[in-house]
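Undergrad: One structure, pasted below without further comment.
Residue numbers (this note's numbering), protein chains in the order written: chain A, 1 to 382; chain B, 1001 to 1088; chain C, 2001 to 2553.
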């Protein structure tokens, strides 16, 4: 059964590749990295969940197919689409979805999803993309002015609204990520450092206040620091994640050989899939995966640096940083480096919205890569 | 380009198969253990039933039943033994 | 700052985070590797309980006498119980444990306590079904092995007992513990979180228990034990023994003790002065060595015979008795004169030939060797007394072997209790083979002795032993017991009978001993033992379908 699926996938891919060769050439490095990550992601989705059920793998396969289709469409048509759909309206639509999600059923005290029958949509993923596009677009329109505070206020407010809508749903991982990426976009677009600093110094008291208001957040921090002390309660997941990683050693236990995925590690196929990854392929494998994302980072930023207009530049940088930062932060969470957040690992974690948005982002990136006709040095901005 | 992508896919399939085999091993292992458990239990149950049958068909039970039906111990002179004789 | 430079800067920040990730992973997977690998081990792997498998003990034909069955011990863990009342109802219904008892235990125990052990698989199945359908928690089930005896107490004295760990404590269970049992050490198994064990080839274990087959016939054993018990209770004996041997092969067909205690097999362990049953031995020895003739007669000294100052008494009327008559009426004086004439040296050598004074090595723990002092220590009175069963102490198995010599034509056969051991790999270790130890008597002697013994049953004290339609040969015996203070107790006796049937072609030698029977005069003359012999013989003859050999029917 699985072979049929895979063959369908590879047939589709081969067909598309033929078309691609005829129509346009995709950016090779990006394509290779994408395909490698998709394939690895699927293998590990299977490996981390197949003992219990094939359901996740099958669904992830479908999501990947849909995502690849989106990716190819966007790779070909993004810039033209962009001219039709104003970023602002896309963002508003997403806000609508976010509000809708707030009224949806809870899952583990978090309002993340919109449930439409068999389909679950995670609007926060869309928000990621929408805000980056919006900010890149908006800021690129302000020409040649060292961006002063007046100019910054509007996009800042949009950022806060977006982040806030997600954060109200008590999901903290993605808002934090979006906030960091937005900061990066602001920075790249020329915001003065002192304004960024101001924002962060104002944000910290807010965060601390939020923490103390909800005691379980302090709990989370304690759990994070000493997961083994609460191993039978809140610390269970993190402790076992560490066990998984640690017991893998340098070379891992071998593909499919993870022991802790035998019902021991919760969310083994979603947020914590990296733990299973490390358990199975060890430090070596983890190194390779990190390098893959590093290559992605470098490639994406090269594209950002060498693209013709500022919008594309900010967009490329924003997308690249979003993907890579998300990956690294997820890894840090799994490794116990930062307190747990609900961040999926791009390409790997099971989840339709994550897969589709990730592949969409890759598609946009490929499109932007194809746009560079000539290198134009961007003007210095003070 | 095609070559590179096919290579990646091939490696991916290989990885998948390795994972698949290992996971199947674990799954079968679980199933086997479950079956062995069932078998052991059924064995135990059968042996217990045999034991019970042994008691009910044992000399004690049979003799009681025979006595209850009025049968008595046999007079050895009254026993007739039929034996097969060889044809030659 | 240049946009390009800004982009670069962001890139570097991101790289720094990547480095942080790698560093953290490196730490965990190197420094903490061993610790976490161990902890994973603890979580994922568990130890199964060590187990002991045990083989069976069976009779000659494969009828199972002792068998280990898997049973269950049911226990409660108070803190995990979710519905106490429903649970108690279920327990009462399936296990038969009254709720009052459950309540009592619940009050007394802190958390964990056993409800019932040795629960059969059938009850366990019922219990499990109900627990699952009503979703009751808090019950913990442990597996155990219980040694079960399909025929209850049969041969319990020989088989012995086992402990809760399925190891032998006494009797054959102890003697063959090594062959019967197989230690199954606990194994490390992988399991998923919610319990399912994952099987691995390395866990495979071969069964290496062996089954022990005895020469005993379980039906015969059952019958012998029943009859013995009946009479033992009637005469309120201190103990009783019945022993059945095949004279042609030496195999023990049945061996019963009363009372039957684990591992205390009286047929092999009991020591006693045999009394009148020994008169046959002395007479046979004298005949075989030529000291007496078949038609020799002896003077009865008016029933008071003085041997160096010690008076031996008799209770009968005739002044002169033939050898046959001596045995028929069981005359002590007659027997004493026969052995005195034979002489201590010759008598002693015949005793040794018959196998007295040493263990027969039938294969049972704690077998008695009897007591046979060197003839040089015998005074004449001892030689005389040896003629009617004092001075010497024997074990039942020795005596029955001696009578088998008469039954099979003059050969002492090696007695066997264990027939064979069958191993799981198909190997069969045949331990019992008809083995002659030595020739004791000449054929002519044996023919004559048999005639004498038939006379005892037809004309003498052995009449109760007769089985209608068959020729029976045997001898009664009464012994006064020698008590601890060195004196013979007046009223404590051992009444015995030893004989074989059918006399024309003996199939079984049977010995019956009653230790301290109370009441009636009859018992004191070994008649009760003879009666028991008759019942046992009758049953065996019918069981095997032996054709009658007595012309007088």
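Note that beta-carbon positions come from the ideal geometry of N, C-alpha and C, so glycine has one too.
Using a Cβ cut-off of 8 Å, pull out every chain B residue sitting near residue 255(A), in sequence order please.
TA: Taking the first residue of the first chain as 1, we reach residue 255(A) at position 255. Here the neighbours are 1015, 1018, 1019, 1022.
Undergrad: Give me the residue from 2106(C), 2287(C), 2330(C) with the minimum Cα distance to residue 2080(C).
TA: Residue mapping note: residue 2080(C) aligns to position 80 of the third chain, counting from 1. Checking every option, the nearest Cα to that of residue 2080(C) belongs to 2106(C).
Undergrad: Quick one: what's got a C-beta closer than 7 Å to residue 2113(C)'s C-beta in the same chain, skipping five residues either side?
TA: Start at 1 with the first residue of the third chain, and residue 2113(C) comes out as number 113. Closer than 7 Å at the Cβ level, and outside the excluded window around residue 2113(C), lie 2075, 2076, 2105.
Undergrad: Since residue 2148(C) and residue 2219(C) are thought to touch, with beta carbons under 8 Å apart, how far apart are those beta carbons, to the nearest angstrom?
TA: Counting from 1 along the third chain, the entry for residue 2148(C) is found at position 148. Counting from 1 along the third chain, the entry for residue 2219(C) is found at position 219. Contact doesn't hold; Cβ gap of about 19 Å is too wide.
Undergrad: Using a beta-carbon distance cut-off of less than 9 Å, what residues from the stretch 36 to 62 of chain A approach chain B?
TA: The stretch 36 to 62 of chain A vs chain B, Cβ under 9 Å: 36, 38, 39, 40, 42, 43, 44, 46, 47, 50, 51.
Undergrad: Does the structure place the stretch 254 to 267 of chain A close enough to the stretch 2041 to 2048 of chain C that three or more beta carbon pairs sit under 8 Å?
TA: At 8 Å Cβ cutoff, the stretches touch.
Undergrad: With distance defined between alpha-carbon atoms, name the residue in 2087(C), 2111(C), 2272(C), 2423(C) nearest to residue 2390(C).
TA: Sequence index remark: in the third chain, residue 2390(C) carries index 390 (1-based). Of the listed residues, the one whose Cα sits closest to residue 2390(C) is 2272(C).
Undergrad: To the nearest angstrom, how far is it from the Cα of residue 2286(C) to the Cα of residue 2339(C)?
TA: For the purposes of this step, residue 2286(C) is taken as the residue at position 286 of the third chain. For the purposes of this step, residue 2339(C) is taken as the residue at position 339 of the third chain. Taking the straight line from one Cα to the other gives about 7 Å.
Undergrad: Given this structure, state the Cα-to-Cα distance separating residue 2318(C) from residue 1071(B), to the nearest angstrom.
TA: On the third chain, position 318 is the one that residue 2318(C) refers to. On the second chain, position 71 is the one that residue 1071(B) refers to. Looking at the two C-alpha atoms, the distance is approximately 47 Å.
Undergrad: Listing by chain order, which chain A residues have their CB less than 8 Å from the CB of residue 1037(B)?
TA: Looking up residue 1037(B) in the second chain gives position 37. Those within 8 Å of residue 1037(B) in chain A number zero; the least Cβ separation is about 18 Å.
Undergrad: Closer than 8 Å, CB to CB, is residue 1003(B) near chain A or not?
TA: In the second chain, residue 1003(B) corresponds to position 3, counting from 1. Not closer than 8 Å to any Cβ of chain A, the Cβ of residue 1003(B) fails to qualify, so no.
Undergrad: Among 137(A), 93(A), 247(A), whose alpha-carbon lies nearest the alpha-carbon of residue 123(A)?
TA: Position 123 of the first chain holds residue 123(A). The shortest Cα separation from residue 123(A) among 137(A), 93(A), 247(A) belongs to 93(A).
Undergrad: Quick one: give me the first and last residue of the beta strand (DSSP E) that residue 120(A) is part of.
TA: Position 120 of the first chain, counting from 1, holds the residue named residue 120(A). Unbroken beta strand (DSSP E) run through residue 120(A): 119 to 121.
Undergrad: Please name the residue in 2094(C), 2452(C), 2409(C) whose C-alpha comes closest to that of residue 2476(C).
TA: In the third chain, residue 2476(C) corresponds to position 476, counting from 1. Of 2094(C), 2452(C), 2409(C), the residue nearest in Cα terms is 2452(C).
Undergrad: With a threshold of 7 Å on Cβ separation, who are the neighbours of residue 2533(C) within its own chain once the five nearest residues in sequence on each side are excluded?
TA: Within the third chain, numbered from 1, the residue matching residue 2533(C) stands at position 533. These residues qualify, in order along the chain: 2465, 2474, 2497, 2499, 2510, 2512.
Undergrad: Would the stretch 75 to 83 of chain A and the stretch 1047 to 1066 of chain B be scored as touching if the rule is three or more Cβ pairs under 8 Å?
TA: Taking 8 Å as the limit for Cβ pairs, the verdict is that the stretch 1047 to 1066 of chain B does not touch the stretch 75 to 83 of chain A.
Undergrad: Would you mind stating whether residue 2291(C) and residue 2341(C) have Cβ atoms separated by less than 8 Å?
TA: Position 291 of the third chain, counted from the first residue, corresponds to residue 2291(C). Position 341 of the third chain, counted from the first residue, corresponds to residue 2341(C). Going by C-beta atoms, residue 2291(C) is nearer than 8 Å to residue 2341(C).
Undergrad: With a CB to CB cut of under 8 Å and the five nearest residues on each side skipped, what residues in its chain are close to residue 2454(C)?
TA: Taking the first residue of the third chain as 1, we reach residue 2454(C) at position 454. Hits under 8 Å: 2471, 2472, 2473, 2503.
Undergrad: Grab the span of the beta strand (DSSP E) containing residue 2045(C) for me, first residue to last.
TA: As a first step, residue 2045(C) is located in the third chain; it is residue number 45 there, counting from the start. Start and end: 2045 to 2047.
Undergrad: Which term fits residue 2169(C), buried or exposed, when burial requires 16 or more other beta carbons within 10 angstroms of its beta carbon?
TA: Position 169 of the third chain, counted from the first residue, corresponds to residue 2169(C). Result: exposed.
Undergrad: Ignore the nearest five residues each way along the sequence and tell me which others in residue 2424(C)'s own chain have a CB closer than 8 Å to its CB.
TA: Counted from its first residue, the third chain places residue 2424(C) at position 424. The answer, listed in chain order, is 2206, 2207, 2208, 2209, 2210.
Undergrad: Would you mind sorting residue 2416(C) into buried or exposed? The rule is 16 or more other CB atoms within 10 Å of its CB.
TA: As a first step, residue 2416(C) must be located in the third chain, where it is residue number 416. It counts as buried.
Undergrad: So which residues of chain B does residue 32(A) contact, with C-beta pairs closer than 8 Å?
TA: Along the first chain, one-based indexing puts residue 32(A) at 32. Within 8 Å Cβ-Cβ: 1004, 1005, 1008.
Undergrad: Between residue 2507(C) and residue 2449(C), how many whole angstroms is the CB-CB distance? I'm expecting something under 8 Å.
TA: Your numbering for residue 2507(C) matches position 507 in the third chain. Your numbering for residue 2449(C) matches position 449 in the third chain. The pair is not a contact, with the Cβ atoms about 18 Å apart (cut-off 8 Å).
Undergrad: Suppose you measure from the CA of residue 2163(C) to the CA of residue 2146(C); what does that come to, to the nearest Å?
TA: Along the third chain, one-based indexing puts residue 2163(C) at 163. Along the third chain, one-based indexing puts residue 2146(C) at 146. Taking the straight line from one Cα to the other gives about 9 Å.
Undergrad: Distance cutoff 8 Å, beta carbons only. Does residue 156(A) sit that close to anything in chain C?
TA: Looking up residue 156(A) in the first chain gives position 156. Not an interface residue.
Undergrad: What residues from the stretch 315 to 341 of chain A come within 8 Å of chain C, judged by C-beta to C-beta, listed N to C?
TA: Residues passing the 8 Å Cβ filter: 317, 321, 324, 325, 328, 329, 331, 332, 335, 336, 337.
Undergrad: Mapping the DSSP letters down to three states, classify residue 2305(C) as helix, strand or coil.
TA: Start at 1 with the first residue of the third chain, and residue 2305(C) comes out as number 305. Three-state result, residue 2305(C): strand.
Undergrad: Is residue 2323(C) buried or exposed, if buried means 16 or more other CB atoms sit within 10 Å of its CB?
TA: Numbered from 1 along the third chain, position 323 holds the residue referred to as residue 2323(C). Flag for residue 2323(C) reads buried.
Undergrad: Which class does residue 371(A) belong to by DSSP, given the choice of helix, strand or coil?
TA: If you number the first chain from 1, residue 371(A) lands on position 371. If DSSP states are grouped into helix, strand and coil, residue 371(A) belongs with the helices.
Undergrad: If we count the other Cβ atoms within 10 Å of its Cβ and call it buried at 16 or more, is residue 2443(C) buried or exposed?
TA: Taking the third chain and counting its residues from 1, the one referred to as residue 2443(C) is at position 443. Exposed, because fewer than 16 other Cβ atoms sit within 10 Å of the Cβ of residue 2443(C).
Undergrad: Can you tell me which of the three DSSP states residue 2184(C) falls into?
TA: Counting from one through the third chain, the residue named residue 2184(C) turns up at place 184. In the structure shown, residue 2184(C) sits in a strand (DSSP, three-state: E or B).
Undergrad: What residues in the stretch 2170 to 2194 of chain C bring their beta carbon closer than 9 Å to a beta carbon of chain B?
TA: Residues passing the 9 Å Cβ filter: 2189, 2190, 2191, 2192.
Undergrad: So, with DSSP's three-state summary, where would you put residue 2477(C)?
TA: To locate residue 2477(C), count along the third chain from 1; it is residue 477. Residue 2477(C) falls in the strand class under three-state DSSP.
Undergrad: Checking 8 Å against the spacing of the C-beta atoms, do residue 2266(C) and residue 2239(C) come in under that value?
TA: Locating residue 2266(C) in the third chain gives position 266, where the first residue counts as 1. Locating residue 2239(C) in the third chain gives position 239, where the first residue counts as 1. Yes. Within cutoff.
Undergrad: Can you tell me where the alpha helix (DSSP H) with residue 312(A) in it begins and where it stops?
TA: Looking up residue 312(A) in the first chain gives position 312. Where residue 312(A) is concerned, the enclosing alpha helix (DSSP H) stretches over 310 to 334.
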